[in-house]
Each structure stands twice: as structure tokens, then as C-alpha cells.
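Take a look at the structure set out below.
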Amino acid sequence: MTTITPTPRLLAALLVLASTLGPAHAAPDDATVAAHINGAPVHALTLRALQHQARDQPGRPSAEAVLADIVADRLQADWSRSRFSAAQLYPASTVGFAPEVGVDDRLVGLLRSMYAKELEAALRALPGGTLAGAIEATSPLEPKQLDRLFGAPRALRLGYDFNAEQAALAAQTPLLRFRLGSAEPVTLTLGDVYQRQNVQGRMDFFNRKLDFIYQQARLRVAGLFVLDWADRKFGAQALADLRQALSEQEAVRGAMRQYGLADGAEAHSPLQTALARQVTQAGIGAFYAAHKEQFRRTEKVRARHIRVNSEALAQRIVAEAAAGKDFGLLARRHSTAPNAARGGDLGWVMQTDEPDWLSALALLQPEGKVSSPFRAPVGPGATATWDILLVEKRVEGFHPPDSETVRYMARKAIAHERARTEFAAARSKLVRAATVAVNRKLLDEQARGAAGAP
């Protein structure tokens, strides 16, 4: 489900349900339809499937909340596609699967999860009781065909894409012939299977891994078996509606990535970068005043350390300190550092812009706890040493309001909030402008079914 606010489903559900109250919005009574959006149906299968998909989410979203997200995603998907290019919405498609393949795989996986028993029974009804019973013939790939399709073996390649001639040949190269139900037999070509591969899969095709190629062909038949079963059980329109809903989820998630609101994408969001550049010093100051606790830091620590040339010795010292032996005494006895005679006293270690490695570690240690041994970063050929730290006192403070840390953190936070607000406002506007009619009877049935689910 797409989420954009702390309570997205509640807010969206309220919008959807409020929109059904007007007298002009006739509620559907068809048991196969969950709602109408601007007159177009959302099928009951889509609601059931996406509620099943959300079953492991925190709080197990209600049918109303799931339907609210379906409505909002349907409306915002077109908005997303008009605002961003396909390359922006689906950046992983350059190295991963094509977007439509990913949606198709999600659709098949969701149906398998929901209807495992029914699908298993349908498989048992095939000749031989397995999917192999649907496959009528397998066409072998001859060496000359492989040469024409993939070029010479072990040739140096800059990529793994077919040219026009190879693509045309692949589209005419049969791999399997299969039959589903009473339909006419279908031939699955190498081109059909190749276009569903990611980069690694295409490499395996060009490397002539025939076991892999035919395995992928059989997997495609398995997926088509599931889709054929669902088409006959629920109808083509219901299945197309579910596929559309999954595609809309992907489009909206792609837009959220562009806004830096999904999958940790804020660091790679040009939109958030542009918004951050617009933040003024006054805005930074106001954010600092309102969120000062976010800018807390360690100003200085009073610390001691012990340096030895053996990790085993360092571990023994840590064990002795944990058993209650005085850290300063252990430092005078074992440390090879110049301050050993002073019990390893480092004095006050101050927060600076570029602390040395030992100071940086000391500033991170909790007060009163002997650290584990740290191996010093030494150059090639230099003697390895291990340091043990004990922070005796920490002094906390705040980053200065004019520091680069404050500027960076405040701009990032302000930009993220502005992006979230802009995205949420667009979503809310689209929902409010739509005419939505809800099948309340179906929602109530879904709610009762979900309450009884394990």
C-alpha cells in the first residue's frame, strides 16, 4: 500500500467514504464490484487481493483503508505518469526486469498465495497431474540457430540486447508448445521468454545456458497457467483490473521515489535537492529553534586509553577491567603509549571538525564503559597496535546554529517535509475531485472475513 502521511489509510479512507455520502453517487450493488471511480469499476477481486497483500502490514489494514489506497493510487497513477518519464518512474528497469514483467510476476505470485489449494487441484487435473501435462512439445535449439541468435560463442560483447534481425529470429524460434484448458495450443518462442529476463538472465541466454532457457520457458508456462485459471474463474475484466491496480502501485511508488519518499530515495531525489536549495537562512534558523534536540552533540569527553601490540593481550586487559581492576593501573602496567605513566590519561578530548581517529572514537564511547579493543589504522609494514578506551565524563551540547551540520540537516529535513506535503496535497486533491461510490455490503463482508482470518 502507498503511504505518505503518518496516518495515510485513515485519512484516505475518510475521503473515500465521505465521497459516497452525496445523493448523486449511487452505490454499486454488484457483488463483483467493490466501487466505482468516476463511473469505472474497481473489481471485488482487486480489493480482496490487495487486502491479502497487506495482511502482514502493521495493524492489518481494514477493507476501507485498502480500498482507499486503491482509489488514490488509481487517480494518482495517471498524474505520476504525466509528471515523470518511464525512465524516472522505473529506474531499475535498466538493469532489472521490464516494469510490465515485474507487475505480471507480482500478479501471478499474489494469485498463487491467495488460491494455492484451488491451483493445486487444477494442476492435479492436468494429464499426469503436473504442469508437464500442459506441455505438448519441446523444440530443441540447434547450434546453427544459436549462432544466428547469439553470435559466435565466447565473443566479446558490449551488451546483451538483440538487434532487429536477432529479435525477429527469436520471435520465430519455438521453445515449447502448450495447451491450457480447452483452448488451442500456444507456441512459446525464445523471444517471448527472452524479453522477460533481467540483465543476468539475458547474459545466460547469450552464454547459451540451455537448461536455464528451457527452465525460464517452463516458468512462463506456469505463470500463464495461473493467469488462465484466474481468467476462467473471475473473468478477464476482473483480472485486468487487478493487474491495473498493481501497475498503478508501481507508478505511484515510482513518483514517491522521485519525491524522495520511498525506499530511502531522499538522497537521490533531484526534487528534494532543488527544494533544499530554496531553503533560506531564516528557514534554517526557525527549524533549529523548533527542533534543537535534533542537533545535540558531544562537546568533549574526559578519557583514558591503553595501547598494546597484541590483540590477545588487549582482550585480557578488557576482561580484567570488566572484573573490576583499575583502568589507570592497567594502563601503567601494560600500555606502550607515551601517556602510560599517567594512567593513559588523554585529558579532555574536544569536538573538532576533523578529529584524529582515536579522538573520534573517544567521542563516540558511552560514559563509564571500557571499550572493546580497536585496531589502529597503520600503514603497510607498520606494527599493528590495539587501543582500549574508557570515557570517564561526557559533556553534551548542541551544534552551533550557523554550522554546516545544522545547515545540511535542516535543509534536508525541510526539503523532505515540503516534498511530502506537495505529494500528499496532490493525492488529496485528486481524491476530493473524484466521484467514488462504494459497495458497502461488500466492504462489510470483507471486514467480517478479515476478522476471522488467522
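Each residue of the sequence shown is one higher than the last, beginning at -8 in our numbering.
Built from N, CA and C at the ideal position, the CB exists for glycine as well.
State yes or no: is the C-beta of residue i within less than 9 Å of the C-beta of residue j?
i	j	result
S350	V340	yes
G274	I405	yes
L233	G251	no
N29	A425	yes
R211	R187	yes
S438	S53	The sequence given here places Ala at residue 438; Ser does not occur at that position. A contact, by the Cβ cut-off of 9 Å.
I61	A35	no
T289	L354	yes
G245	S419	no
T180	Q136	no
Q240	F75	no
G192	F203	yes
T270	A401	Reading off the sequence shown, one finds Val at residue 270, where the question assumed Thr. Closer than 9 Å, so yes.
R287	H407	no
A328	P364	no
R479	L230	Because the chain here runs from -8 to 445, residue 479 falls outside it and cannot be looked at.
A125	L171	yes
W348	P371	no
Just to check my reading of the structure: residue i and residue j have Cβ atoms closer than 8 Å, yes? What is that Cβ distance to the nearest angstrom?
i	j	result
A68	V243	6 Å
L101	F216	In fact, because the Cβ distance is near 15 Å, the residues do not count as touching under 8 Å.
Y151	F197	5 Å
H296	D378	5 Å
T37	A236	5 Å
Using the C-alpha atoms, what's the distance from residue j back to residue i?
i	j	result
E387	G335	23 Å
A15	A63	Low local confidence applies: a pLDDT of 39 at A15 is under 50, so the model's placement there is unreliable, and no value is given.
Q272	G87	42 Å
A59	R431	13 Å
T(-2)	E436	Bear in mind that a pLDDT of 43 at T(-2), under 50, signals an unreliable position, so the number given afterwards is only what the model happens to contain. Near 24 Å, if we compare the C-alpha coordinates of E436 and T(-2).
A428	D21	12 Å
F414	F278	21 Å
L461	R199	The displayed coordinates of the chain run from -8 to 445. Any statement about residue 461 would go beyond what the structure contains.
S104	Q42	12 Å
A89	N189	8 Å
G359	G319	13 Å
L433	D183	39 Å
R209	A253	34 Å
L114	W220	10 Å
Please name the residue in the options whose C-alpha comes closest to that of residue i.
i	options	result
S362	L381, D344, E345	L381
P357	A246, P82, A294, D195	A294
E175	V217, A208, F197, E127	E127
V299	D393, F278, L321, V422	L321
K291	Y279, A265, G338, A303	G338
Y399	T129, T264, T376	T264
D317	K283, E383, L132, Q228	E383
S130	L201, K403, P32	L201
R268	K403, P49, L230, V397	K403
A375	A303, A125, R333, K108	A303
D95	A40, S238, L132, A77	S238
Just to confirm the assignment: which complete beta strand (DSSP E) runs, minimum length 3, are found wholly within the region 91 to 141?
For the region 91 to 141, whole beta strand (DSSP E) runs of length 3 or above, ordered along the chain, are 126 to 129.
Residue ranges of each alpha helix (DSSP H) within the region 306 to 347, 4 or longer
At a cut-off of 4 residues, the continuous stretches assigned as alpha helix (DSSP H) that sit fully inside the region 306 to 347 are 318 to 325.
Sequence ranges, alpha helix (DSSP H) only - wholly within the region 176 to 240, length at least 4:
Runs of the alpha helix (DSSP H) spanning 4 or more residues and lying entirely within the region 176 to 240 occur at 181 to 185, 190 to 197, 201 to 225, in chain order.
Quick one: complete alpha helix (DSSP H) runs, 4+ long, within the region 341 to 381?
For the alpha helix (DSSP H) assignment, the uninterrupted runs of no fewer than 4 residues enclosed by the region 341 to 381 are, from N- to C-terminal side, 348 to 355.
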